[in-house]
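Below: one structure, written as structure tokens.
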């Protein structure tokens with residue numbers, strides 16, 4: 065949770081968090097909650113090493129030419145650019161697997177050579193042959209150049225293509241649609257933090273209509 069939501073380990077000491085765990089019977093008492101000292105870097109590194117050992121074993125099931133996706137994004141808290149590489153494959157039992165191999169800060173400029181070096185480093189760290197993967201990404205000129213430099217088979221991401229089709233070629237050309245979407249977004253934004261209030265009002269109205 066702390067890793068996914070960028071929360072500090074000190075959250076385990078917060079009264080509200082402790083009350084939540086006890087209210088939903090996740091723990092019986094506050095004493096059952098691990099302290100932030102227990103979640104220190106030493107124990108976190110132990111957990112990381114155990115996970116990496118398991119991951120490397122599971123990657124042995126990857127076939128020749130597994131798929132990989134590459135995406136660059138900016139986190140909404142510190143507005144720092146990151147790059148992410150995720151491996152995808154289907155094992156001998158036709159079970160789909162996806163593993164995020166690397167997600168790390170990636171400051172500008174996002175030049176093709178810099179992306180290439182990150183990709184090669186990821187492949188080397190996980191024992192993958194960079195010449196035997198199929199990568200899917202957007203059609204940005206920098207990433208397109210990256211795959212040419214690295215001699216990697218590349219497929220354009222269908223989701224990015226559909227997004228561009230809608231945002232560039234469809235929505236702006238339908239009269240009134242952009243304005244309608246703006247109004248819907250504004251409506252959702254105003255109601256987002258009133259979910260409980262709206263639910264209670266709906267239940268109250270439903271009960272008054274059912275019961276005399």
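Residue numbers (this note's numbering): 65 to 276.
Glycine included, every Cβ here is placed at the ideal spot set by N, Cα and C.
Query: Opposing strand residues paired with residue 144 [DSSP bridges]; Result: Residue 144 is not bridged to any residue.
Query: Backbone CA spacing between residue 248 and residue 203 [nearest angstrom]; Result: 30 Å
Query: Beta-carbon gap between residue 190 and residue 151 smaller than 9 Å; Result: yes
Query: Reference residue 139, options 230, 147 and 82, closest by Cα; Result: 147
Query: Buried or exposed (CB count within 10 angstroms, at least 16 for buried), residue 84; Result: exposed
Query: Residue 72 versus residue 171: straight-line alpha-carbon distance, rounded; Result: 23 Å
Query: Within 9 Å, strictly: CB atoms of residue 183 and residue 126; Result: no
Query: Burial state of residue 160 (16 or more Cβ within 10 Å); Result: exposed
Query: Beta-carbon gap between residue 130 and residue 216 smaller than 9 Å; Result: no
Query: Extent of the continuous beta strand (DSSP E) run through residue 162; Result: 160 to 169
Query: Closest Cα partner of residue 154 within the set 270, 78, 116 and 124; Result: 124
Query: Segment limits, alpha helix (DSSP H) that includes residue 116; Result: 105 to 123
Query: Top-ranked residue by Cα proximity to residue 78, from 88, 89 and 100; Result: 100
Query: Helix, strand or coil at residue 99 according to DSSP, with G and I counted as helix; Result: coil
Query: First through last residue of the alpha helix (DSSP H) which encompasses residue 184; Result: 176 to 189
Query: Which of helix, strand or coil DSSP assigns to residue 266; Result: helix
Query: Per DSSP, cross-strand counterpart(s) of residue 202; Result: Beta-bridge pairing links residue 202 to no other residue.
Query: Reduced DSSP secondary structure (H/G/I, E/B, other) of residue 80; Result: helix
Query: Reduced DSSP category for residue 220 - H, G, I as helix; E, B as strand; rest coil; Result: strand
Query: Cβ-Cβ separation, residue 173 to residue 144 (assumed contact under 8 Å), whole Å; Result: Not really, about 15 Å apart at Cβ, beyond 8 Å.
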